Amino acid sequence: MPAASIRSICCIGAGYVGGPTMAVIADRCPTVQVTVVDINQTRIDAWNDSDLSKLPVYEPGLDAVVGRARGRNLHFSTAVDDAIAAADMVFISVNTPTKTKGLGAGQASDLRWVEACARQVAKSATGHTIVVEKSTLPVRTAEAVKAILSAKEQSSDGAQKSFAVLSNPEFLAEGTAIPDLESPDRVLIGGEHPEAIDALASIYENWVSPDRILRTNLWSSELSKLTANAFLAQRISSINSVGALCEATGADVREVARAIGTDSRIGSKFLQAGPGFGGSCFQKDILNLVYLCRHFGLPDVADYWESVVTVNTWQQHRIARTVVQKLFGTVTGKRLAILGFAFKADTNDTREAPAIRIAQDLLEEGAQLAIHDPKVDAEQIARDLKLPASSAPDADSGPTRAALSGEGTWWPSEDIAAAVSGADAVLILTEWQHYRDLDWSHLAPLMRQPAWVFDARSVVKPADVLKAGLQLWRVGEGQP
Ligand code: UDX
Ligand code: ADP
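For what it's worth, the numbering used here labels the leading residue of the sequence shown as 43, then goes sequentially.
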C-alpha cells in the first residue's frame, strides 16, 4: 500500500495513551480522519464534553489540541466496529495491566483486552488494514495478534481482508504528553512489511524529522519499550537507595545527584530521589521483563531486574515507617495531611502512585488522613485505598470515635489550610507546583505542635519551614 494512502485512522482505547496521541496526530494531519473508540461510554462522553476542562485525562495543553481538531478530523465514539471497518490503519491502545491471577500472576501482562481487540479487528476490518500495537505489550505479542488476523485472512469470509502488524511503542510521559508527542526524541516503528512501516512513518513525518524515526524488527521494538522503562526505573531505585545511605551518613542526596549528574556519561535526568516511582508503565514493564527472563531460562537476569521493583516498594514502606518513628513511634488517632495523591505532578492518574502504599501503611497504623490533590477525585482515592472516605472532622472538636478506637480513616480535603488544621504532620507526596509555593508561616500555627513536614519530593524551601517553627524531614537528607 503506498504511504500516502492513509486517509482514515481508528484507535481502540481512549485512555491516557490513545487520547493524547490521536489528538496530536489529528492536529498535525488535518487531512486524515481520526476516530478514537472505547467501550466505556462515560469516557467517550467526557472526551466529547463541550467543556474542555472535563476531558477524562488531565494533561497540560491537551485541551487546546482537542479544541482545534475535535469535530474537524478528530472524533470520539463507542461505535467500535464501524470505525474499524472505515479505517486504513487501526491502533490498539487498550490497557495491559499486570495479571492478578493464573499463570504469571503478578508479573505477566494481562492480554485479554488486546486479544479481544485483535479479534474485533479481524471481524470488522475491510480491505487492507495496518494494525499498530500502541499499548506496552510484552515481547512477541505481535505474534499472537498476527496469528488471530491471519486466521481470518484464510477463512472463507476473510477473503477480502489482509493485514500488516506494526509495533509503535509510546514513549510519552504523563504530564508532558503533548510536548513529548509534538517533539519526540524518537519514534520507533517495528515491523516486517516495509510498505506498512513507510505508511506509518509518513503520518509522523508531518511533524517529526525523518532521522528521528527508527525502524526495527517487531521484537526489537517491543523489547526496546520494556528496556527503556526498566533503565529509567533502575536510575530511580538507585538514587533512592543512595538517599537512604545519605540519611544515615549526613550526606545530601540532592548534592550527590548533582555531582554525579554532571558527569556527561551519567547525565542529570531521572536522579530525583522521591517516594519511589509510580505510573502505569515502570512496574508493569519491569515485571514483564522479569517474567520473560524467567521464561527464557535466565533466572539471574530476572532477579537483577526484579530488585529494581523491590527497592521501590521498600522506599514506600520506609517513608511510612519514618513518619511513624518521628511522631514518637505512633500515629494512632493522629491527624496527618497528605498533599498529593497522583503518581506525579500534572496528571490525574493514580496508577501505582507511591501515595497509595504510604497512605495504606499509615491507615494500618490507625492514622486520620486528610488527603489533598488538585486533580484526583475522592472516588478514585477511595478505590485506590479500598476504603470509603469518612466525613471531615471538625478541627476544633476532640478526636473522633474512629480516632479513639485506633481505626484508620481518611477524608478528601479541597483546601490545604483545612487539611493541615489540627494535624501533627504534613506529607508531601506529589510535586505539584502549588506545594512549592506554600506559605508555611501561615500554615504552621494551624497545626498541633510539635509538628512535622515530611517532604518526599524535595519541593519546600527548608529555611521557610524551619523559620515557621516546624520540624523538617526531607528525602535523602542526613543531619551532618
Ligand atoms: C514513563 C516513561 O517516562 C515513558 O517514556 C513511558 O512511555 C511510560 O512510562 P510516566 O510513567 O508517565 O512515563 O512518567 P515518568 O515521568 O517517567 O515518571 C515515572 C515515575 O518516576 C513517577 O512516579 C515519577 O515521580 C518518578 N520519578 C521520575 C522519580 O521519582 N524521580 C525521577 O527523577 C524521575
Ligand atoms: P493507557 O494508559 O494504556 O492508555 P487506559 O486504561 O487509560 O490505559 O486506557 C485504555 C482504554 O481502553 C480504556 O478506556 C478501556 O475502556 C479501553 N478498552 C479496553 N478494551 C477495549 C476494547 N476491546 N474495545 C474498546 N476499548 C477498550
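Cβ atoms here follow ideal geometry from the backbone N, Cα and C, with glycine treated the same way.
Everything numeric in this text was worked out from a predicted model, so none of it was measured.
**Report entry** Heavy atom of the ligand ADP within 7 Å of Trp89 beta-carbon
**Finding:** For Trp89, the CB stays at least 7 Å from every heavy atom of the ligand ADP.
Requested in this report: Spell out the partners DSSP gives Leu268 in its beta bridges.
Outcome: For Leu268, which the question treats as bridged, DSSP gives no partner whatsoever.
Query raised in the report: To which residues of the same chain is Gln358 closer than 7 Å at the C-beta, ignoring the five residues directly before and after it?
Result: Spatial neighbours of Gln358 in its own chain (CB-CB distance under 7 Å, excluding positions within 5 residues in sequence) are listed in chain order as Pro317, Gly318, Pro396, Arg399, Ile400.
Requested in this report: Please specify which runs of the beta strand (DSSP E), each continuous and at least 3 residues long, are wholly inside the region 411-470, giving them in chain order.
Outcome: Complete beta strand (DSSP E) runs here, min 3: 451-454, 467-470.
**Report entry** Other residues of its chain near Gln11: CB distance less than 6 Å, five sequence neighbours each side excluded
**Finding:** Any property of residue 11 remains undetermined from this structure, which presents the chain solely from 43 to 522.
Query raised in the report: Looking at Val81 and the ligand ADP, is the gap between the Cβ and the nearest heavy atom below 7 Å?
Result: The identity of residue 81 in the sequence shown is Ile, whereas the question assumes Val. At least one heavy atom of the ligand ADP is nearer than 7 Å to the Cβ of Ile81, so yes.
Query raised in the report: Can we count Trp482 as close to the ligand ADP, meaning its CB is less than 7 Å from some heavy atom?
Result: Here the distance from the Cβ of Trp482 to the nearest heavy atom of the ligand ADP is not below 7 Å.
Query - CB contact flag (Leu514, Pro522, <8 Å) - result: At the C-beta level, Leu514 and Pro522 stay beyond 8 Å of one another.
Query raised in the report: Does the ligand UDX have a heavy atom nearer than 7 Å to the CB of Ala215?
Result: It does: the Cβ of Ala215 is within 7 Å (strictly closer) of some heavy atom of the ligand UDX.
**Report entry** Cα-Cα separation between Pro226 and Leu191, rounded to whole angstroms
**Finding:** Between the C-alpha atoms of Pro226 and Leu191 there is a straight-line separation of about 31 Å.
Query raised in the report: Alpha carbon to alpha carbon, what distance is there between Asn248 and Arg70?
Result: Their backbone Cα atoms lie some 6 Å apart in a straight line.
Report task. Taking all protein chains shown into account, decide if Thr168 is buried (16 or more other Cβ within 10 angstroms of its Cβ) or exposed. Result -> Thr168 is exposed by the Cβ-count criterion.
Requested in this report: Assign Ser463 to buried or exposed, taking buried as 16 or more other Cβ atoms, counted over all protein chains shown, within 10 Å of its Cβ.
Outcome: Ser463 is buried by the Cβ-count criterion.
Requested in this report: Please report how far the alpha carbon of Leu214 lies from the alpha carbon of Phe370, in whole angstroms.
Outcome: For Leu214 and Phe370, the distance between alpha carbons rounds to 43 Å.
Query raised in the report: What runs of the alpha helix (DSSP H), each 4 residues or longer, lie entirely inside the region 157-222?
Result: Fully contained in the region 157-222 are the following alpha helix (DSSP H) runs of length 4 or more, in chain order: 183-196.
Query raised in the report: Are the CB atoms of Leu260 and Ser204 nearer to each other than 8 Å?
Result: Not a contact, by the Cβ cut-off of 8 Å.
Requested in this report: Starting from Gly233, follow its DSSP beta bridges and name the residues at the other end.
Outcome: Gly233 is bridged to Leu208.
Query raised in the report: Taking 7 Å as the cut-off, does the CB of Ile54 come closer than this to any heavy atom belonging to the ligand ADP?
Result: Yes.
**Report entry** Cβ contact check for the region 72-84 and the region 49-56: 3 or more pairs under 8 Å
**Finding:** Because the criterion of three Cβ pairs below 8 Å is met, the region 72-84 and the region 49-56 touch.
Query raised in the report: Does the Cβ of Phe133 have 16 or more other Cβ atoms within 10 Å, making it buried, or fewer, making it exposed?
Result: Under this definition Phe133 is a buried residue.
Query - Backbone secondary structure at Val74 - three-state DSSP - result: In the structure shown, Val74 sits in coil (DSSP, three-state: anything other than H, G, I, E or B).
Query raised in the report: Start and end of the beta strand (DSSP E) containing Ser119?
Result: From DSSP, the beta strand (DSSP E) with Ser119 extends over 116-119.
Query raised in the report: So the beta strand (DSSP E) Cys53 belongs to, where does it begin and stop?
Result: Where Cys53 is concerned, the enclosing beta strand (DSSP E) stretches over 50-54.
Query raised in the report: Per the contact definition of three or more C-beta pairs closer than 8 Å, is the region 492-499 in contact with the region 361-379?
Result: Output reads yes: the region 492-499 touches the region 361-379.
Query raised in the report: Can you give, in chain order, each stretch of the alpha helix (DSSP H) that sits fully within the region 111-156 and has at least 4 residues?
Result: 122-128, all fully within the region 111-156.
Report task. For the region 411-427 and the region 451-469, state whether three or more C-beta atom pairs, one from each stretch, are separated by less than 8 Å. Result -> The region 411-427, when compared against the region 451-469, does touch it at the 8 Å Cβ threshold.
Query raised in the report: At which residues does the alpha helix (DSSP H) containing Leu331 begin and terminate?
Result: Element bounds for Leu331: 324-337.
Query raised in the report: With 16 as the cutoff for other CB atoms within 10 Å, does His484 come out buried or exposed?
Result: With fewer than 16 other CB atoms across the displayed protein chains lying within 10 angstroms of its CB, His484 is exposed.
Requested in this report: Take Asn271 and list the residues in its own chain whose beta-carbon comes closer than 8 Å to its own, dropping the five residues that flank it on each side.
Outcome: Answer for Asn271: Thr178, Cys323, Phe324, Asp327, Ile328, listed in chain order.
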